[in-house]
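**Q** Dropping the structure in here first, questions after.
Numbering (the numbering used here), first residue to last: 48 to 172.
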């Protein structure tokens with residue numbers, strides 16, 4: 048059961064990066080700033096936490112982007128590598144956010160933000 052949930056979570060979280068690939072450069076910066084605002088608000092990050100969180104999150108996001116480029120033709124290997132990156136960064140996020148609930152909320156917020164982007168793009172078309 049947990050494998051199915053994990054695979055589903057990985058698949059759903061991967062859609063976020065397809066949205067980034069389709070965004071134009073100017074829109075990408077705007078999307079990033081909206082994501083920062085959204086995460087800061089929803090995670091209730093203090094200024095100190097925010098200063099520590101965003102470099103780690105950006106590193107996490109960049110690692111996932113590079114893995115996506117390397118494994119475009121092998122979706123199973125891609126999902127496995129993305130999952131391993133998420134596991135690796137979970138400890139880094141926990142050092143900053145202090146609780147498992149807040150760390151897990153990062154991944155949930157990532158999905159929610161992606162869904163909001165997708166809905167906005169659909170409404171504009």
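We put the beta carbon where it would ideally sit given N, CA and C, even for glycine. These figures come from a predicted structure and were not determined experimentally.
Rounded to the nearest angstrom, what separates residue 107 and residue 89 at their Cα positions?
**A** To locate residue 107, count along the chain shown from 1; it is residue 60. To locate residue 89, count along the chain shown from 1; it is residue 42. Cα-Cα distance, rounded: 19 Å.
**Q** Does residue 168 pass the burial test, meaning 16 or more other C-beta atoms within 10 Å, or should it be called exposed?
**A** Within the chain shown, numbered from 1, the residue matching residue 168 stands at position 121. Exposed is the call here.
**Q** Identify the continuous alpha helix (DSSP H) that holds residue 164 and give its terminal residues.
**A** As a working note, residue 164 is residue 117 in the chain shown. Looking at the DSSP string, the run of the alpha helix (DSSP H) that includes residue 164 is 147-171.
**Q** Could you tell me the distance, in whole angstroms, from the CA atom of residue 42 to the CA atom of residue 138?
**A** In the structure as shown, the chain begins at 48 and stops at 172. Residue 42 is therefore absent and cannot be evaluated.
**Q** Following the continuous alpha helix (DSSP H) through residue 97, name the residue where it begins and the one where it ends.
**A** As a position in the chain shown, residue 97 is number 50, starting the count at 1. 94-117 is the span of the alpha helix (DSSP H), which, as asked, contains residue 97.
**Q** Here's the rule: buried if 16 or more other CB atoms are within 10 angstroms of the residue's CB, otherwise exposed. What is residue 170?
**A** Residue 170 sits at position 123 when you count from the first residue of the chain shown. It is exposed - the Cβ of residue 170 has fewer than 16 other Cβ atoms within 10 Å.
**Q** Mind reading off the beta-carbon distance from residue 115 to residue 125? Whole number of angstroms is fine, and I expect it under 8 Å.
**A** Within the chain shown, numbered from 1, the residue matching residue 115 stands at position 68. Within the chain shown, numbered from 1, the residue matching residue 125 stands at position 78. The Cβ separation is near 7 Å, so the contact holds.
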